[in-house]
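In the working numbering, the protein residues as written are 1 to 396.
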């Protein structure tokens, strides 16, 4: 199991002080939070993508590269990368580059996003959101696995003899999670490619996510990637912790009551009953999230949202201390008990390289010389196979 945190990069007024941080303050705070996540022993830091105020994270690769330079062990991910409005060619290039800079400590979650106006900002039609997600990922998948790509689709100009650079590190592309709140077609897409499926697991009752995860597991097995129990599942979640539950509720209530994300709808008590939001003592969080296995089966990644709704940096760092010091270690132990041997570990670059090459030497991409026009010669631009396969093979 991997445990970590994710941020949606919101800039929200602190209702207890009436103060809203600047973009610069919030960016610096997020960098501190990411570093502290590694310090307290968490495995993953994931960053969302937004292109509108009051959010700041319009360039996740830039931010994650900076964090990579300041950490040694932390896996850096996204939550999510917009597969609909980003050009798949640029995603292929940017995240392969980040993969090299972070020495493999990179994966990404692909999704359609939840901000409707973003589509026309990038010249796309929201009515084509699902076809865009399907077509764009089909191209991205090939770009990371074929040295030379010829391609034609509906939503971008054709490619002829195109090579995405740099090639994925060691010929193994970043691991992809497909994130969805409500769309079965995305669960189907994740299953078809044998990729991971990440359920947001924040705003809906467990039955909602059970349907999506069950569909993904069934279709993962249908496409021959393994049994349903071997499918790769990640979950989100929300917590607020204090030594005792009364203090946790008292401290978090003003943030819950005033944060736009909660819609000023159900009470804190009703919301925590209906959704995975858990506000209480460390043991309450441990008990509730250890129970996720009963709802969704054994899974590989658990991320928590803890820095939203205007919570000050000092409070978030205190939350991290408890999460990394008490909650995550206990959950590791709880979720390891009775875990079948055939259930795969969470994906890592090192593990995937070892699975692909065994004890053999993983390849590095070495291009042919510049032939004088800023291009390399030969049927392939590379002197040795640089990609994970010459063509797409289902399940790679």
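Even glycine gets a Cβ: it sits at the ideal position worked out from N, Cα and C.
Can you tell me which of the three DSSP states residue i falls into?
{"i": "residue 324", "result": "helix"}
{"i": "residue 383", "result": "coil"}
{"i": "residue 370", "result": "strand"}
{"i": "residue 285", "result": "helix"}
{"i": "residue 186", "result": "helix"}
{"i": "residue 375", "result": "coil"}
{"i": "residue 157", "result": "coil"}
{"i": "residue 395", "result": "Because residue 395 carries a pLDDT of 34, less than 50, the predicted location of this residue cannot be relied on, and no value is offered for it."}
{"i": "residue 301", "result": "strand"}
{"i": "residue 311", "result": "coil"}
{"i": "residue 162", "result": "strand"}
In the DSSP assignment, find the alpha helix (DSSP H) that holds residue i and state where it starts and stops.
{"i": "residue 141", "result": "129-143"}
{"i": "residue 218", "result": "206-222"}
{"i": "residue 252", "result": "245-258"}
{"i": "residue 100", "result": "88-101"}
{"i": "residue 56", "result": "No alpha helix (DSSP H) holds residue 56; DSSP gives it neither H nor E."}
{"i": "residue 118", "result": "118-121"}
{"i": "residue 169", "result": "Looking at the DSSP string, residue 169 is not in any alpha helix (DSSP H), and its letter there is neither H nor E."}
So what does residue i bridge to, in DSSP terms?
{"i": "residue 177", "result": "109, 196"}
{"i": "residue 77", "result": "46"}
{"i": "residue 402", "result": "Any question about residue 402 goes unanswered here, given that the chain covers just 1 to 396."}
{"i": "residue 278", "result": "239"}
Here's the rule I'm using: 16 or more other beta-carbon atoms within 10 Å means buried, otherwise exposed. How should residue i be labelled?
{"i": "residue 109", "result": "buried"}
{"i": "residue 32", "result": "exposed"}
{"i": "residue 70", "result": "exposed"}
{"i": "residue 292", "result": "buried"}
{"i": "residue 38", "result": "buried"}
{"i": "residue 256", "result": "buried"}
{"i": "residue 264", "result": "exposed"}
{"i": "residue 178", "result": "buried"}
In whole angstroms, what separates the C-alpha of residue i from that of residue j?
{"i": "residue 294", "j": "residue 374", "result": "56 Å"}
{"i": "residue 249", "j": "residue 240", "result": "8 Å"}
{"i": "residue 386", "j": "residue 88", "result": "Residue confidence is low: residue 386 scores 45 on pLDDT, short of 50, so the model does not pin down where it sits. Its coordinate-derived value is still stated next. Computed Cα separation, rounded: 19 Å."}
{"i": "residue 165", "j": "residue 96", "result": "8 Å"}
{"i": "residue 137", "j": "residue 129", "result": "12 Å"}
{"i": "residue 355", "j": "residue 341", "result": "16 Å"}
{"i": "residue 322", "j": "residue 1", "result": "18 Å"}
{"i": "residue 388", "j": "residue 196", "result": "Only weak support exists for where residue 388 lies, its pLDDT of 44 falling under 50; the value from the coordinates is given anyway. Answer to the nearest angstrom: the Cα atoms are 18 Å apart."}
{"i": "residue 376", "j": "residue 171", "result": "19 Å"}
{"i": "residue 210", "j": "residue 276", "result": "13 Å"}
{"i": "residue 331", "j": "residue 290", "result": "6 Å"}
{"i": "residue 218", "j": "residue 99", "result": "31 Å"}
{"i": "residue 124", "j": "residue 79", "result": "21 Å"}
{"i": "residue 155", "j": "residue 132", "result": "7 Å"}
{"i": "residue 353", "j": "residue 380", "result": "23 Å"}
{"i": "residue 244", "j": "residue 254", "result": "17 Å"}
{"i": "residue 19", "j": "residue 11", "result": "11 Å"}
Specify, as a first and last residue, the run of the beta strand (DSSP E) that residue i falls within.
{"i": "residue 360", "result": "That residue, residue 360, is in no beta strand (DSSP E); it is neither H nor E in DSSP."}
{"i": "residue 233", "result": "233-235"}
{"i": "residue 3", "result": "2-7"}
{"i": "residue 149", "result": "149-151"}
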